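One structure below.
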Amino acid sequence: LYLEALHFVDGVGDYGGAVRASGAGDIATKDVSFTGCDAEDSGGAVSVSDSGDVSMEGVSFSECAAGDGGGAVIVEASGDVSMKGVSFSECTAGAGGAVYVSGSGDVSMDSARFSECTADYGPGGAVLVEDSGDVSMDSASFSECTAGDAGGAVYMGWGWGLGTVDVRRSNFIVTDSTISGCSATLGGAMFVESVTTSVLRTTITDCYASIYGGGLYSTGGRTTLSNGTLISGCSAPEGRGSSLFLIASEVSYTLPAPAGRWLPNARCEVYREACSYGNSEVAQQAACLKHRDNCALNLVENLVGPWYCQDPTFVQPCNWNSTRGGDPSLLGEKLYQLPLLPVEQDFPFACAAGVLGSANPENQSSSSCAGRCPAGYQCPTEATYEALPCDAGRFCPEGTSVPLACPAGSYSNATNLTDASECTAASPGHFATTDPRSRRPVERGVSPPMSAARLASCARKATSRTSPAPPIASLALRVASVRSARRSSCLRRASRARTPTPP
Numbered sequence: 454l455y456l457e458a459l460h461f462v463d464g465v466g467d468y469g470g471a472v473r474a475s476g477a478g479d480i481a482t483k484d485v486s487f488t489g490c491d492a493e494d495s496g497g498a499v500s501v502s503d504s505g506d507v508s509m510e511g512v513s514f515s516e517c518a519a520g521d522g523g524g525a526v527i528v529e530a531s532g533d534v535s536m537k538g539v540s541f542s543e544c545t546a547g548a549g550g551a552v553y554v555s556g557s558g559d560v561s562m563d564s565a566r567f568s569e570c571t572a573d574y575g576p577g578g579a580v581l582v583e584d585s586g587d588v589s590m591d592s593a594s595f596s597e598c599t600a601g602d603a604g605g606a607v608y609m610g611w612g613w614g615l616g617t618v619d620v621r622r623s624n625f626i627v628t629d630s631t632i633s634g635c636s637a638t639l640g641g642a643m644f645v646e647s648v649t650t651s652v653l654r655t656t657i658t659d660c661y662a663s664i665y666g667g668g669l670y671s672t673g674g675r676t677t678l679s680n681g682t683l684i685s686g687c688s689a690p691e692g693r694g695s696s697l698f699l700i701a702s703e704v705s706y707t708l709p710a711p712a713g714r715w716l717p718n719a720r721c722e723v724y725r726e727a728c729s730y731g732n733s734e735v736a737q738q739a740a741c742l743k744h745r746d747n748c749a750l751n752l753v754e755n756l757v758g759p760w761y762c763q764d765p766t767f768v769q770p771c772n773w774n775s776t777r778g779g780d781p782s783l784l785g786e787k788l789y790q791l792p793l794l795p796v797e798q799d800f801p802f803a804c805a806a807g808v809l810g811s812a813n814p815e816n817q818s819s820s821s822c823a824g825r826c827p828a829g830y831q832c833p834t835e836a837t838y839e840a841l842p843c844d845a846g847r848f849c850p851e852g853t854s855v856p857l858a859c860p861a862g863s864y865s866n867a868t869n870l871t872d873a874s875e876c877t878a879a880s881p882g883h884f885a886t887t888d889p890r891s892r893r894p895v896e897r898g899v900s901p902p903m904s905a906a907r908l909a910s911c912a913r914k915a916t917s918r919t920s921p922a923p924p925i926a927s928l929a930l931r932v933a934s935v936r937s938a939r940r941s942s943c944l945r946r947a948s949r950a951r952t953p954t955p956p
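Counting in this note's numbering, the sequence shown runs from 454 upward without gaps.
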């Protein structure tokens, strides 16, 4: 079945409001739009079952709905599913608000867009995939999607209830994608169960879970976050993992973190038993010690590998052992193995204000980041990785988050000052204004404005006088006496001026 350049509006049906394919071969659609389609059961616009591969390119779904699963599309017991440049807007279903895939092959979504999709009572506000093959999402975006159960944007697991229960340990890979403003009871952005999940260069922001895991809820399986993935601004009830909630799951983060952030980390390697050859085996002991670093990155145990590599110890810094569900590709990488505890802060952690962040993994191993903000610059917010010049009229010693004003009586219009001594003192006949970047001349008969500190000092002095004010009557007599004395003095000078000088 091939559909191209078609428009379906207000289609209605039990399964697939516009298109239903059962027992068909491959199905392809290109440049097709579906608007206002509705299915009483599943697949609001398209329902596919027991068929071949399904591919969609440049297809749009708007305001489609289904009473059960897949508000826009449901694919059951079929082949691979491929979606490229497909958009879903305001689609609604009981589960899988936009897309529901069950018991099928691999699923790939390239540049797919999901906005305001809703799963009324089930999981997967936008996408629900269960009991299927590997799933990949590249450059996908999810915004304002909601699930009544788990996974506000994406639910990835097995056996939720609508499909068969054939437990496959699938791979789930999300790359260069964004999830924002989504919500659910568990996993506001994503819920992953018993699958191997990799999330690379992806941002999850402002998502919410009413019970656990505001950003990500991971149960069983293994989840790896890496290469700048960030979970920020997400929330959940206190102590229930605003960013992450893990249960019986292995979760790690592989550096680099986003610029301006950090995580405690260590190199993933094979911890091995100590070299313990006897005194008669000097050469063997020397060879064992010489190759310790090589053996730390060598997966081959000494049963079949180089004799100088000792047995791995029981405790290891990371799960590199593929026979135990580990990932050998982690060897040599710097990573943080998360404990099975809720993560409340934004993840990875932000470098503090006044500290300079970095995109270099070498500077992302502790809260010190790349060190204190350099003198002459300011690092005003968390996660600052490009220091800003110190403001004019202020100075910035090392580690500045808020620039300091030049001292009273000094000013400067230069930037990048490092110390108060670099401010310029106001010259004679001038005063420094409240703006530390300038000065003004003192005008004739005008006193320079007092600082707040000086005004307060004057007020304290005025109120600290202990002698009582003289009575008004007494004060009036003193003023009259002074005036009388002045008149007498004037009369005496005038009289002397009229009297002729004797010969």
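Backbone N, C-alpha and C define an ideal beta-carbon position, used for all residues, glycine too. Here the structure is a predicted model, which means the values were calculated and not measured.
- Query: Hey, S556 and A572 are a contact pair by Cβ (cut 8 Å); roughly how many whole angstroms apart?
  - Reply: Looking at the sequence itself, residue 556 is Gly, so the reference to Ser does not match. 19 Å between Cβ atoms; not a contact.
- Task: Please classify D533: does DSSP put it in a helix, a strand, or coil?
- Result: Three-state result, D533: coil.
- Query: Do you know offhand how far V757's Cα is from K787's?
  - Reply: Residue placement at V757 is poorly supported in this model, since its pLDDT is 45, which falls under 50; the coordinates still yield a value, given next. Taking the Cα positions, V757 is about 28 Å away from K787.
- Residues bridged to S502 [DSSP beta-bridge criterion]: DSSP, once it has assigned bridges, lists S475, E529 as partnering S502.
- Query: Taking three-plus beta-carbon pairs below 8 Å as touching, is the region 521 to 532 in contact with the region 491 to 507?
  - Reply: Yes, the region 521 to 532 touches the region 491 to 507.
- Task: Ignore the nearest five residues each way along the sequence and tell me which others in S818's own chain have a CB closer than 6 Å to its CB.
- Result: If we look at S818 and ignore the five residues flanking it on each side, its Cβ neighbours are N718.
- Query: The beta strand (DSSP E) spanning D491 covers which residue range?
  - Reply: First-last of the beta strand (DSSP E) with D491: 491 to 495.
- Nearest candidate by alpha-carbon position, reference N624, set D463, S589, A593: If we check each option's Cα against that of N624, S589 comes out closest.
- Task: Pick out whichever of S733, C721, S594, E734 has its Cα sitting closest to the Cα of C748.
- Result: Residue nearest to C748 within the set S733, C721, S594, E734 is C721 (criterion: CA-CA distance).
- Query: Excluding sequence positions up to five away, which residues of its chain have a Cβ less than 7 Å from the Cβ of A878?
  - Reply: For A878, where only same-chain residues beyond five positions count, the Cβ hits under 7 Å are G862, S863.
- Query: How about L653 and P801: do their beta carbons lie closer than 9 Å?
  - Reply: Their beta carbons are not under 9 Å apart, which means L653 does not touch P801 by this criterion.
- Message: Quick check: what's the CA-CA separation for D559 versus S651?
- Response: If you take the alpha carbons of D559 and S651, they lie about 16 Å apart.
- Does the beta-carbon distance from P795 to R693 come in below 9 Å? Closer than 9 Å, so yes.
- Considering only residues of the same chain and omitting the five flanking positions on each side of R745, which have a CB-CB separation below 8 Å? Excluding sequence neighbours, R745 sits near R725, C728.
- Message: Can you tell me which residues form a DSSP beta bridge with Q790?
- Response: In the DSSP assignment, the residues bridged to Q790 are S705.
- Query: In three-state DSSP terms, what is A637?
  - Reply: In the three-state reduction of the DSSP assignment, A637 falls in the strand class, which pools E and B.
- Item | C-alpha distance - V841 paired with G681, whole-angstrom precision | Checking the sequence, you will find Leu at residue 841 rather than Val. The straight-line gap from Cα to Cα measures roughly 23 Å.
- Which of the three DSSP states, helix, strand or coil, is assigned to V485? DSSP places V485 in coil when its eight states are reduced to three.
- Indicate the three-state DSSP secondary structure (helix, strand or coil) for N751 in the structure shown. Under the three-state reduction of DSSP, N751 is assigned to coil, being neither helix nor strand.
- Please go through the same chain and pick out, in chain order, the residues whose beta-carbon is closer than 6 Å to the beta-carbon of V399, but skip the five residues on each side of it. A query on residue 399 cannot be resolved here, the shown segment of the chain reaching from 454 to 956 and no further.
- How long is the line joining the alpha carbons of G785 and D587, rounded to whole angstroms? Take the alpha-carbon of G785 and the one of D587: they are about 26 Å apart.
- Message: Cutting at 7 Å between CB atoms, please list the residues of its own chain near A603, excluding the five before and the five after it.
- Response: These residues qualify, in order along the chain: P576, A637, T638, L639, G640, F644, Y670.
- Supposed contact pair S592 and D629 - C-beta distance, whole angstroms, cut 8 Å: Indeed, because the Cβ distance is near 5 Å, the residues count as touching under 8 Å.
- Three-state secondary structure assigned by DSSP to T411: Outside the displayed span of the chain (454 to 956) sits residue 411, for which this structure offers no information.
- Item | Residues near G959 in its chain [Cβ-Cβ closer than 7 Å; skip 5 each side] | Residue 959 lies beyond the stretch modelled for the chain, which goes from 454 to 956, so this question has no answer here.
- Please name the residue in G852, P860, N866, T837 whose C-alpha comes closest to that of D844. Residue N866 holds the alpha-carbon nearest to the alpha-carbon of D844 among G852, P860, N866, T837.
- Query: Apart from the five residues just before and just after G1008, which ones in its own chain have a Cβ nearer than 7 Å to its Cβ?
  - Reply: An answer regarding residue 1008 cannot be provided, because it is not within the stretch 454 to 956 covered by the chain.
- For E703, the nearest candidate out of A828, L791, Y665, A471 (CA to CA): Closest option to E703, Cα to Cα, is L791.
- Item | Coil, strand or helix - A736 by DSSP | Helix, per DSSP.
- Message: Suppose the cutoff is 7 Å on Cβ atoms and the five residues either side in sequence are ignored; what does the same chain contact list for A823 look like?
- Response: If the five residues before and after A823 are omitted, its C-beta is found closer than 7 Å to the C-beta atoms of L809, G810, S811, N816, all from its own chain and listed in chain order.
- Three-state secondary structure assigned by DSSP to S555: Secondary structure at S555: strand, using DSSP grouped into helix, strand and coil.
- Message: Quick check on this structure: which residue in L697, A873, C490 has the alpha carbon closest to the alpha carbon of L678?
- Response: Ranking L697, A873, C490 by Cα distance to L678 puts L697 first.
- Query: For G829 versus L870, is the C-beta spacing smaller than 9 Å?
  - Reply: Their beta carbons are under 9 Å apart, which means G829 touches L870 by this criterion.
- Cβ neighbour criterion (16 or more within 10 Å) applied to F567: F567 counts as buried, since no fewer than 16 other beta carbons sit within 10 angstroms of its beta carbon.
- Message: Can you tell me whether L662 is buried or exposed? The criterion is at least 16 other CB atoms within 10 Å of its CB, across all chains shown.
- Response: Checking the displayed sequence, the identity of residue 662 turns out to be Ala instead of Leu. Around the beta carbon of A662, a 10 Å sphere encloses 16 or more other beta carbons of the protein chains shown; the residue is thus reported as buried.
- Going by beta carbon distance, what residues of the same chain come within less than 8 Å of A701, once the five residues before and after it are set aside? These residues qualify, in order along the chain: T672, G673, L793.
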